[in-house]
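Residue numbers (my numbering): 126 to 382.
Structure record follows, encoded as structure tokens.
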Ligand code: ADP
Ligand code: MG
């Protein structure tokens, strides 16, 4: 991986993707977001290692989307800090966070229905001076939409639209990819395609933070899982541990223990 190096950021040592002493790429400290009297994110200390594929789960209203939107800068914290790759994100606007290597696919769709697949992929590329042709070719291939490059996005299936949206998010080669419920409403086959796409990007070194309810999917892709409940971290660990944790089962997986 070659990334432009900020002279103020220390060089990251090369570590194996599966090594235990990976560097932290993202961390929050005392992160809090209140909406009036409601504390959606409550004094959260959270971190993700470089090269990791982390899943974030939790019941509806737990604060998952709010946490993601604080990281991308769509929301401003009431209190606390977020650091990414050695930088305090509090100083940066959303577009500057994108330039720093954070990319996101939000829960609600953000594609342009009247544009073709290729035109949609051009949208984020307008911001760069790099040679667009190879990026376009590689992205279309990755999201398996080469054959449909000239079709309007409105003609795509739900699964294809989600792949296109992930494609838009990866054109700029982000270091850190945030996905909010990428397989909601998808068929089993469509879900499998997204899992494969995420795995292959992860194999190439991309770090992921994925919010998802589909436990089959989480089991398939995740290394570690963080459970959020009422704005706080309830539990964190490998998926097998999380699924067997009594408190998690009671609160999230809907068991009456
Ligand atoms: P999740 O994504 O885990 O389902 P959210 O982060 O969307 O949860 O929401 C967490 C809590 O914050 C919920 O109670 C929700 O109603 C509330 N909330 C989220 N966004 C806003 C907002 N813009 N204004 C007021 N309350 C909000
Ligand atoms: Mg949400």
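Cβ atoms here follow ideal geometry from the backbone N, Cα and C, with glycine treated the same way.
*For the ligand ADP, is there a heavy atom less than 7 Å away from the beta-carbon of residue 183?*
In the chain shown, the residue the question calls residue 183 occupies position 58. Checking every heavy atom of the ligand ADP against the Cβ of residue 183, one is found closer than 7 Å.
*When the Cα atoms are used, what is the spatial distance from residue 288 to residue 196?*
Here residue 288 corresponds to residue number 163 of the chain shown, with the count starting at 1. Here residue 196 corresponds to residue number 71 of the chain shown, with the count starting at 1. Cα-Cα distance, rounded: 22 Å.
*Quick one: is residue 325 buried, meaning 16 or more other Cβ sit within 10 Å of its Cβ, or exposed?*
Taking the first residue of the chain shown as position 1, residue 325 is located at position 200. Exposed, since its Cβ has fewer than 16 Cβ neighbours within 10 Å.
*Kindly give me the distance between the Cβ atoms of residue 169 and residue 200, rounded to whole angstroms, as I take these residues to be in contact under 8 Å.*
Looking up residue 169 in the chain shown gives position 44. Looking up residue 200 in the chain shown gives position 75. At roughly 13 Å, the Cβ-Cβ gap does not stay under 8 Å, so residue 169 and residue 200 are not in contact.
*Exposed or buried, residue 235, counting other C-beta atoms within 10 Å across all chains shown (16 or more means buried)?*
As a first step, residue 235 must be located in the chain shown, where it is residue number 110. By the 10 Å Cβ count, residue 235 comes out exposed.
*My guess is that residue 305 and residue 231 are in contact by the Cβ rule of under 8 Å, so how many angstroms apart are they, rounded?*
On the chain shown, position 180 is the one that residue 305 refers to. On the chain shown, position 106 is the one that residue 231 refers to. Between residue 231 and residue 305 the Cβ distance is about 5 Å, and since that is below 8 Å, they are a contact.
*Among residues of its own chain, excluding the 5 on either side of residue 185, which ones have a beta-carbon nearer than 8 Å to its beta-carbon?*
Within the chain shown, numbered from 1, the residue matching residue 185 stands at position 60. Same-chain partners within the cutoff: there are none.
*What is the rounded straight-line gap between the Cα of residue 269 and the Cα of residue 244?*
Here the question's residue 269 lines up with position 144 in the chain shown. Here the question's residue 244 lines up with position 119 in the chain shown. If you take the alpha carbons of residue 269 and residue 244, they lie about 16 Å apart.
*asked:* Under 7 Å: does the beta carbon of residue 189 sit that close to some heavy atom of the ligand MG?
replied: For the purposes of this step, residue 189 is taken as residue 64 along the chain shown, with counting starting at 1. It does: the Cβ of residue 189 is within 7 Å (strictly closer) of some heavy atom of the ligand MG.
*Using alpha carbons as the reference points, say which of 262, 299, 293, 151 lies closest to residue 223.*
Your numbering for residue 223 matches position 98 in the chain shown. It is 299 whose Cα lies nearest to the Cα of residue 223.
_Rounded straight-line distance, which links the Cα of residue 368 to that of residue 381_ = Stepping through the chain shown from its first residue, residue 381 is reached at position 256. Stepping through the chain shown from its first residue, residue 368 is reached at position 243. Here residue 381 scores only 46 on pLDDT, less than 50, and its place in the model should not be relied on; the value that follows carries that caveat. Roughly 14 Å between the two C-alpha positions.
*For residue 327, count neighbouring Cβ atoms within 10 angstroms of its own Cβ and tell me buried if that reaches 16, exposed if not.*
Locating residue 327 in the chain shown gives position 202, where the first residue counts as 1. It is buried - the Cβ of residue 327 has at least 16 other Cβ atoms within 10 Å.
*Measuring CA to CA, which of 181, 158, 171, 166 is closest to residue 373?*
Taking the chain shown and counting its residues from 1, the one referred to as residue 373 is at position 248. Of the listed residues, the one whose Cα sits closest to residue 373 is 181.
*Can we count residue 160 as close to the ligand ADP, meaning its CB is less than 7 Å from some heavy atom?*
Start at 1 with the first residue of the chain shown, and residue 160 comes out as number 35. Yes, since a heavy atom of the ligand ADP falls inside the 7 Å radius drawn around the Cβ of residue 160.
*CA-to-CA distance, residue 339 to residue 377, given in whole angstroms*: Stepping through the chain shown from its first residue, residue 377 is reached at position 252. Stepping through the chain shown from its first residue, residue 339 is reached at position 214. Roughly 12 Å separates the two Cα atoms.
*Range covered by the alpha helix (DSSP H) that runs through residue 222*: Looking up residue 222 in the chain shown gives position 97. Where residue 222 is concerned, the enclosing alpha helix (DSSP H) stretches over 219-224.
_If distances are taken between C-alpha atoms only, which option among 307, 261, 183, 310 comes closest to residue 247?_
Counted from its first residue, the chain shown places residue 247 at position 122. Nearest C-alpha to residue 247: 261.
*When the distance is taken between beta carbons, is residue 226 closer than 8 Å to residue 214?*
Taking the chain shown and counting its residues from 1, the one referred to as residue 214 is at position 89. Taking the chain shown and counting its residues from 1, the one referred to as residue 226 is at position 101. For residue 214 and residue 226, no; Cβs fall outside 8 Å.
*When every heavy atom of the ligand ADP is checked, does at least one fall within less than 7 Å of the C-beta of residue 163?*
As a position in the chain shown, residue 163 is number 38, starting the count at 1. At least one heavy atom of the ligand ADP is nearer than 7 Å to the Cβ of residue 163, so yes.
*For residue 288, write down the residues that DSSP places opposite it in a beta bridge.*
By one-based count along the chain shown, residue 288 stands at place 163. According to DSSP, which records beta bridges pairwise, residue 288 is partnered with nothing at all.
*When every heavy atom of the ligand ADP is checked, does at least one fall within less than 7 Å of the C-beta of residue 186?*
Here residue 186 refers to the residue found at position 61 of the chain shown. The answer is yes for residue 186.
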